[in-house]
Amino acid sequence: MWTRAEPGNILARTQYIAVNQGHDKEHYFSIRYMWGREGYEVVGAPSSSAPAFNVLFDFPVREVSGRWRQWIGPNWGVNLNVEHHQEPAYHRWGGTAGVFLDF
Numbered sequence: 655m656w657t658r659a660e661p662g663n664i665l666a667r668t669q670y671i672a673v674n675q676g677h678d679k680e681h682y683f684s685i686r687y688m689w690g691r692e693g694y695e696v697v698g699a700p701s702s703s704a705p706a707f708n709v710l711f712d713f714p715v716r717e718v719s720g721r722w723r724q725w726i727g728p729n730w731g732v733n734l735n736v737e738h739h740q741e742p743a744y745h746r747w748g749g750t751a752g753v754f755l756d757f
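First residue of the sequence shown? That's 655 in our numbering, and the numbers climb one at a time after it.
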């Protein structure tokens, strides 16, 4: 994926690889790894010691995510998603859990 960021006129690229396993109406399991560059991010507001916004330009970024979908009945089941996002300004762990209906 190519992203053009402003200000700075930066062209940043990310790519990913994913592996999936499973069968419809049984389960799916997926793992995804993304790596590349991010173009522009504001990481701090102006203050008395730094009168301008604090920003990062053209920095590395990585993300790992996993997804599991399990059917419990013929047309419903549960989802579980987790992810880890990493860049110089911060690291983030997150996830979701839910129930789905398959129409």
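Cβ atoms here follow ideal geometry from the backbone N, Cα and C, with glycine treated the same way.
How should residue i be labelled, buried or exposed, when 16 other C-beta atoms within 10 angstroms of its C-beta is the threshold for buried?
i	result
glutamate 692	buried
alanine 672	exposed
alanine 666	buried
Would the beta-carbon of residue i fall within 8 Å of that of residue j?
i	j	result
glutamate 741	proline 714	yes
phenylalanine 754	glycine 731	yes
arginine 723	histidine 677	no
threonine 750	asparagine 729	no
tyrosine 687	valine 718	yes
Per DSSP, what are the beta-bridge partners of residue i in this structure?
i	result
serine 702	Note: serine 702 sits in no beta bridge, so no partner.
glycine 693	The partner list for glycine 693 (beta bridge, DSSP) is empty, contrary to what the question assumes.
glutamate 717	Met688, His739
phenylalanine 754	Gly731
What does the alpha-carbon distance come out to for the pair residue i and residue j?
i	j	result
alanine 743	valine 697	7 Å
arginine 746	lysine 679	32 Å
tyrosine 725	glutamate 737	Sequence check: residue 725 is tryptophan here, not tyrosine. Going by the C-alpha atoms only, they are around 22 Å apart.
serine 702	asparagine 708	12 Å
threonine 668	methionine 655	5 Å
tyrosine 670	serine 684	13 Å
> What are the complete beta strand (DSSP E) segments, minimum 3 residues, inside the stretch 655-687?
Replying inline: Within the stretch 655-687, the complete beta strand (DSSP E) runs of at least 3 residues are 656-659, 664-677.
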